[in-house]
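Engineer: Sending over a structure as structure tokens; questions will come in a sec.
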């Protein structure tokens with residue numbers, strides 16, 4: 001088995017190099033046991049196609065998104081400004097991230113604080129690799145004809161109008177993409193946005209992730225594809241709550257590509 | 264006789280205009296309670312938004328059946344009101360159907376078209392009443408739809424049914440009078456829909472018919488003027504407000520939260536970064552962080568509240584509301600408007616010991632929001648309930664430190680560990696070790 005190359009910005013800078021893209025891993029990508037496999041899958045893909053990339057490693061820090069959504073603008077701006085200083089130090093121009101919350105904040109909210117970068121979500125990045133023929137996931141036929149449903153992340157979809165890229169990636173896997181009743185602009189939230197990930201839900205009659213999981217299960221798909229760490233957690237929990245974890249799996253787009261490519 | 268009618272008409276017109284003017288001033292004052300916000304950029308995109316969304320009703324067509332019915336009422340409202348122009352000239356000058364001799368047979372076609380629209384409005388409003396009260400579409404029956412909002416909605420529909428009936432009955436009695444050769448009643452030709460109603464009137468005396476025709480004429484014009492005034496007191500105000508509201512709508516990505524520049528300056532001072540502009544100038548009045556009351560929101564949020572027609576599409580799409588949480592984006596908009604009205608009407612204004620947060624909107628409601636933007640996406644007139652919710656959260660967090668305990672813990676984690684969870688920052692890159700080991 002091969003080992004993978006995961007350079008940090010600091011290492012590259014020490015060699016006087018600078019990568020084409022910064023892969024922004026995010027807090028979930030760094031710490032969440034389940035979601036770390038998405039980070040690894042994406043790194044494997046980056047290695048395979050030979051993209052010049054680097055990560056910040058221990059220099060990475062929360063974008064501040066959950067603090068801002070929960071109302072703590074001070075903390076958000078403290079985080080944002082120190083991140084911007086780090087980006088400036090490495091002369092970062094282009095950022096790719098798998099987290100739609102990081103994506104939204106870096107792309108839309110850092111400019112007001114002086115941080116202007118080309119920010120791309122990994123779904124768009126993967127679609128570009130497929131379009132360029134650098135990734136040919138259908139060759140392995142790992143998912144040929146399998147029913148897959150895709151759950152739109154609010155911060156990717158409604159917030160930033162990215163609806164097609166994730167679907168194009170799934171189509172490239174030669175799967176049968178089945179849509180849920182509520183999808184694209186009408187997509188139902190997983191329940192974790194707006195900092196809900198970090199607290200219990202308010203009193204109600206049902207958990208949002210269960211409501212959404214039921215809709216996903218109704219499609220009959222055995223794989224629920226997601227493109228967001230929070231959605232992945234919420235839907236996995238939903239599948240467990242419905243006691244379907246043996247038959248139905250929740251995967252991130254990067255994991256599916258990596259599996260198809262046998263990485 | 265004529266001169267009395269004319270004087271009466273001018274008086275009624277004057278009273279309606281006065282009431283309307285006063286109410287418009289009131290609403291303007293209400294919107295101006297809000298904080299400044301520049302929404303004058305990119306006028307071409309703004310005109311496009313207004314043409315597509317308000318004029319073209321683009322967002323309504325996400326749900327085709329109500330959209331089609333609504334389109335009939337909307338087109339009917341706009342087009343039939345052209346006839347009001349003739350009504351006003353006739354009313355003031357004491358003439359009768361002043362345009363008829365000039366337009367000839369085209370007048371017949373035009374009025375028949377207006378009648379077609381009247382019939383469509385009648386039918387659409389009847390179906391709307393059935394949807395509201397018999398089928399009981401769920402979004403019309405949420406807790407915030409208390410007595411007045413429900414009555415208001417039904418009153419408007421009944422009003423429109425009566426108004427359109429008056430047009431048809433007026434035209435029918437008019438045609439009966441024409442057939443009898445009554446003086447003053449210009450020939451209009453056979454009008455397509457009302458001509459079917461003429462048999463109801465043709466056996467009556469000319470004098471009775473004149474009374475009836477006048478009654479329907481007055482009923483219609485008084486109805487329209489009354490409606491114009493009533494609308495400004497009702498949720499129905501969207502027929503005017505939809506236009507400015509879509510023009511001044513947010514053009515940025517929905518996911519972007521507005522930056523608080525007042526905080527930026529303080530954070531820069533804390534981090535020892537240079538301030539933009541003249542650093543020696545005294546810092547601008549900061550005021551409150553976030554929103555506790557309506558004057559802390561921008562004028563656009565307040566305009567949103569006056570534009571809301573309480574259709575509840577936002578609430579129907581809200582994931583929190585669907586799963587039984589207390590949050591309803593429509594209730595947020597209604598509470599905001601209620602608060603603005605109470606502030607303007609009350610003697611003490613904003614200093615009445617109440618505030619939007621706490622007395623009109625509870626923490627439980629806003630804490631349930633996932634900021635998913637489903638409500639913003641659902642609104643046919645581009646209202647943004649989310650920005651109000653987030654401004655209230657800012658106040659709770661920064662002025663009261665009153666966020667839920669789990670959020671305060673999350674803040675602390677970010678401050679000390681640079682991640683929302685309690686992990687050591689030095690472990691952040693550990694995931695790579697696994698990968699290198701393979």
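Protein chains in written order, with my numbering: chain A, 1 to 263; chain W, 264 to 701.
Glycine residues also receive a C-beta, built at the ideal position from the N, C-alpha and C atoms.
Using beta-carbon positions only, say whether residue 189 of chain A and residue 578 of chain W come within less than 7 angstroms of one another.
Structural biologist: Cβ atoms of residue 189 of chain A and residue 578 of chain W: not closer than 7 angstroms.
Engineer: Just the C-alpha distance for residue 659 of chain W and residue 679 of chain W, rounded to the nearest angstrom, thanks.
Structural biologist: C-alpha separation (whole angstroms): 22 angstroms.
Engineer: Just to confirm my understanding: we take residue 602 of chain W, look at its own chain, exclude 5 residues before and 5 after, and list those with CB closer than 6 angstroms. What are they?
Structural biologist: Around residue 602 of chain W: 557, 619, 623.
Engineer: By alpha-carbon positions, which one of W:416, W:464, W:479, W:484 ends up nearest to residue 500 of chain W?
Structural biologist: For residue 500 of chain W, the nearest C-alpha among the options comes from W:416.
Engineer: Do the region 216–225 of chain A and the region 236–250 of chain A make contact, defined as three or more Cβ pairs closer than 8 angstroms?
Structural biologist: With the cut-off at 8 angstroms, the region 216–225 of chain A and the region 236–250 of chain A touch.
Engineer: With distances taken between CB atoms, is the gap from residue 155 of chain A to residue 166 of chain A smaller than 7 angstroms?
Structural biologist: No, the pair does not count as a contact, with Cβ atoms beyond the cut-off.
Engineer: Please tell me whether residue 587 of chain W has its Cβ less than 7 angstroms away from any Cβ of chain A.
Structural biologist: Output row for residue 587 of chain W: interface = yes.
Engineer: Report yes if the CB atom of residue 162 of chain A is closer than 7 angstroms to the CB atom of residue 121 of chain A, and no otherwise.
Structural biologist: Yes, Cβ-Cβ distance for residue 162 of chain A and residue 121 of chain A is below 7 angstroms.
Engineer: Quick check: the region 581–600 of chain W against the region 511–526 of chain W, are there 3 or more CB pairs under 8 angstroms?
Structural biologist: Flag = no, the region 581–600 of chain W and the region 511–526 of chain W do not touch.
Engineer: Helix, strand or coil: which one does DSSP assign to residue 561 of chain W?
Structural biologist: Note: residue 561 of chain W maps to strand in three-state DSSP.
Engineer: According to the neighbour-count rule (16 or more other Cβ atoms, all chains shown, within 10 Å of its Cβ), is residue 44 of chain A buried or exposed?
Structural biologist: Residue 44 of chain A is buried by the Cβ-count criterion.
Engineer: Can you pull the DSSP bridge partners for residue 118 of chain A?
Structural biologist: Bridge partners of residue 118 of chain A: A:94.
Engineer: Between residue 512 of chain W and the rest of its own chain, which residues show a CB-CB distance below 6 angstroms, the 5 nearest in sequence each way excluded?
Structural biologist: Result list for residue 512 of chain W: 312, 645, in chain order.
Engineer: Using a C-beta to C-beta distance shorter than 8 angstroms, which residues of chain W count as neighbours of residue 39 of chain A?
Structural biologist: Per Cβ cutoff of 8 angstroms: 694.
Engineer: Between the C-alpha atoms of residue 447 of chain W and residue 490 of chain W, what's the straight-line distance to the nearest angstrom?
Structural biologist: Computed Cα separation, rounded: 29 angstroms.
Engineer: I want to see whether chain B comes within less than 7 angstroms of residue 535 of chain W, judged by CB atoms only; does it?
Structural biologist: The question asks about chain B, but that chain is absent: this structure's protein chains are A and W.
Engineer: Buried or exposed: where does residue 91 of chain A fall if 16 or more other Cβ atoms within 10 Å of its Cβ makes it buried?
Structural biologist: Its Cβ having fewer than 16 others within 10 Å, residue 91 of chain A is exposed.
Engineer: Could you say which of W:464, W:423, W:428 lies nearest to residue 441 of chain W if we only look at CA atoms?
Structural biologist: Among W:464, W:423, W:428, the Cα nearest to that of residue 441 of chain W belongs to W:464.
Engineer: Should residue 165 of chain A be flagged as near chain W, meaning a C-beta pair shorter than 7 angstroms?
Structural biologist: No - not a single Cβ of chain W is within 7 angstroms of the one on residue 165 of chain A.
Engineer: Using only alpha-carbon positions, find the residue among W:611, W:654, W:605, W:430 that is nearest to residue 629 of chain W.
Structural biologist: For residue 629 of chain W, the nearest C-alpha among the options comes from W:654.
Engineer: So, helix, strand or coil for residue 15 of chain A, using DSSP?
Structural biologist: Three-state result, residue 15 of chain A: coil.
Engineer: In angstroms, rounded to a whole number, what distance separates the CA positions of residue 203 of chain A and residue 631 of chain W?
Structural biologist: Whole-angstrom Cα-Cα distance: 9 angstroms.
Engineer: Do you know offhand how far residue 1 of chain A's Cα is from residue 263 of chain A's?
Structural biologist: With a pLDDT of only 46 at residue 1 of chain A, under 50, the local geometry of the prediction cannot be trusted, and the value read off the model is given with reservation. So the two alpha carbons sit approximately 10 angstroms from each other.
Engineer: Roughly how many angstroms separate the alpha carbons of residue 652 of chain W and residue 662 of chain W, rounded to a whole number?
Structural biologist: Going by the C-alpha atoms only, they are around 15 angstroms apart.
Engineer: Does residue 208 of chain A pass the burial test, meaning 16 or more other C-beta atoms within 10 Å, or should it be called exposed?
Structural biologist: Flag for residue 208 of chain A reads buried.
Engineer: Would you list, in chain order, the members of the region 174–203 of chain A that have their beta-carbon closer than 9 angstroms to a beta-carbon of chain W?
Structural biologist: From the region 174–203 of chain A, only 182, 185, 186, 187, 188, 189, 190, 191, 192, 193, 194, 195, 196, 197, 198, 199, 200, 201, 202, 203 have a Cβ closer than 9 angstroms to chain W.
Engineer: In three-state terms, what does DSSP make of residue 251 of chain A?
Structural biologist: Strand.
Engineer: Give a yes or no on whether the C-beta atoms belonging to residue 111 of chain A and residue 261 of chain A are separated by under 7 angstroms.
Structural biologist: Cβ distance not < 7 angstroms, so residue 111 of chain A and residue 261 of chain A don't count as in contact.
Engineer: Hey, how far is the Cα of residue 237 of chain W from the Cα of residue 695 of chain W?
Structural biologist: Outside the shown range of chain W (264 to 701) lies residue 237 of chain W, about which nothing can therefore be said.
Engineer: Taking only beta-carbon positions, decide if residue 662 of chain W is within less than 7 angstroms of chain A.
Structural biologist: No, because no Cβ of chain A sits closer than 7 angstroms to the Cβ of residue 662 of chain W.
Engineer: List the whole-angstrom C-beta distance separating residue 674 of chain W from residue 10 of chain A, where the pair is believed to meet the contact cut-off of C-beta under 8 angstroms.
Structural biologist: Going by Cβ atoms, the distance from residue 674 of chain W to residue 10 of chain A rounds to 28 angstroms, so no, they are not a contact pair.
Engineer: Go ahead and label residue 79 of chain A buried or exposed: buried means 16 or more other beta carbons lie within 10 angstroms of its beta carbon, across all protein chains shown.
Structural biologist: Classification of residue 79 of chain A: buried, given that the 10 Å Cβ count is 16 or more.
Engineer: Between which two residues does the beta strand (DSSP E) harbouring residue 24 of chain A extend?
Structural biologist: Residues 21–24.
Engineer: In the region 228–262 of chain A, which residues sit with their C-beta less than 9 angstroms from some C-beta in chain W, listed in chain order?
Structural biologist: Here the close residues number zero.
Engineer: Under DSSP, the beta strand (DSSP E) around residue 424 of chain W begins and ends at which residues?
Structural biologist: No beta strand (DSSP E) holds residue 424 of chain W; the alpha helix (DSSP H) holding it covers 410–442.
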